[in-house]
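There are 2 protein chains.
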Amino acid sequence: MRIGELAAQAGMTRDTIRFYEKVGLVQGRRLPNGYRDFPPETVAWLHYVRTAQTLGFSLAEIARTGEELREHPDTAEALSALFEEKIHVVDARMAELAALRDELAARVGTGCPLRAAQG
Amino acid sequence: MRIGELAAQAGMTRDTIRFYEKVGLVQGRRLPNGYRDFPPETVAWLHYVRTAQTLGFSLAEIARTGEELREHPDTAEALSALFEEKIHVVDARMAELAALRDELAARVGTGCPLRAAQG
DNA sequence: CTTGACCTTGGACCGTACTCCACTGTTTAG
DNA sequence: CTAAACAGTGGAGTACGGTCCAAGGTCAAG
Chain A
1 MRIGELAAQA GMTRDTIRFY EKVGLVQGRR LPNGYRDFPP ETVAWLHYVR
51 TAQTLGFSLA EIARTGEELR EHPDTAEALS ALFEEKIHVV DARMAELAAL
101 RDELAARVGT GCPLRAAQG
Chain B
120 MRIGELAAQA GMTRDTIRFY EKVGLVQGRR LPNGYRDFPP ETVAWLHYVR
170 TAQTLGFSLA EIARTGEELR EHPDTAEALS ALFEEKIHVV DARMAELAAL
220 RDELAARVGT GCPLRAAQG
């Protein structure tokens with residue numbers, strides 16, 4: 001799969017994918033003519049990248065996950081540990097969101113929400 | 120309250136607060152000598168800013184909320200609408216997180232999570 | 001009346017994550 | 001064979017969110 005098709009399927013530009021390659025988020029083989037060649041699973045990986053990113057993980061963090069996955073490709077334990085760690089992060093974020101939600105909900109319908117709180 | 124104390128209480132640097140003033144996130148009166156003077160509620164506002172920020176809202180979005188609050192300081196309905204909107208955003212984000220969490224949890228303990236998904 | 005802590009401004013700089021551009025090479029369709 | 005559509009490179013530029021610094025003003029304590 002060449003970069004154009006990958007870009008279309010992953011919903012990003014070629015430039016973004018080249019940038020991701022530069023920072024180690026994706027790796028492509030090269031065809032004899034120099035064109036990048038990606039396996040089809042890269043689409044799923046890039047979708048995962050987008051998701052993780054919108055949830056607040058930096059590209060560096062995401063790349064690290066990818067690397068660890070590459071380093072321990074057959075150690076189910078290492079992977080489980082990695083994902084459990086991510087789950088804790090996600091849980092913490094969800095708790096924060098729930099708190100904010102409650103805070104917001106509590107103010108709905110009251111007379112003077114946050115009014116005094118914005119210098 | 121001068122900038123140094125505000126910075127200490129809000130857990131950020133003076134430079135950050137000056138930057139926030141520049142982009143309209145906070146407004147300070149000036150003392151006769153030119154020093155900024157903030158009301159004590161600014162501390163709460165800055166804490167709110169930090170929270171909203173870690174939850175993925177940009178400074179521009181947060182500033183817009185603050186502005187709308189300033190424009191309709193006595194319209195309970197407008198405020199309620201604003202917060203309800205925020206709550207929807209938060210709910211959407213939480214749903215995304217829950218999906219990611221499930222995805223991660225499903226892979227824990229399985230033999231080959233994501234392995235094929237990182238070109 | 002000086003020292004030190006605090007404040008002011010403007011502007012340079014940084015890291016992250018792209019985005020665009022010019023110029024060039026390759027492949028494909030008519 | 002040519003034109004369009006695709007690919008490559010390097011480098012500049014952008015937006016966001018700060019962070020640091022130099023040069024200087026203000027103020028309370030000794």
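Protein sequence lines correspond, in order, to chains A and B. For the first sequence, this note's numbering gives the first residue as 1, with consecutive numbering after it. For the second sequence, this note's numbering gives the first residue as 120, with consecutive numbering after it. Glycine included, each C-beta is placed from N, C-alpha and C at the ideal position.
Beta-carbon spacing of residue i, residue j below 8 Å
i: residue 24 of chain A; j: residue 63 of chain A; result: yes
i: residue 37 of chain A; j: residue 12 of chain A; result: no
i: residue 100 of chain A; j: residue 209 of chain B; result: yes
i: residue 215 of chain B; j: residue 65 of chain A; result: no
Cutoff 8 Å: residue i Cβ touching any chain A Cβ
i: residue 220 of chain B; result: yes
i: residue 175 of chain B; result: yes
Chain B within 8 Å of residue i, Cβ atoms only
i: residue 31 of chain A; result: no
i: residue 94 of chain A; result: yes
Interface residues of chain A facing residue i [CB-CB closer than 8 Å]
i: residue 209 of chain B; result: 97, 100, 101 and 104
Per-residue contacts from residue i into chain B (C-beta, under 9 Å)
i: residue 51 of chain A; result: 215, 218, 219 and 222
Buried versus exposed call for residue i [16 or more other C-beta atoms within 10 Å across all chains shown]
i: residue 129 of chain B; result: buried
i: residue 31 of chain A; result: exposed
i: residue 232 of chain B; result: Confidence at residue 232 of chain B is low in this model, with a pLDDT of 44, below 50, so the placement of that residue is unreliable and no value is reported for it.
i: residue 189 of chain B; result: exposed
i: residue 86 of chain A; result: buried
i: residue 154 of chain B; result: exposed
The alpha helix (DSSP H) enclosing residue i, as first and last residue numbers
i: residue 184 of chain B; result: 178 to 190
i: residue 123 of chain B; result: 122 to 129
i: residue 241 of chain B; result: The structure shown does not extend to residue 241 of chain B, since chain B is modelled only from 120 to 238, so the question has no answer here.
i: residue 19 of chain A; result: 14 to 22
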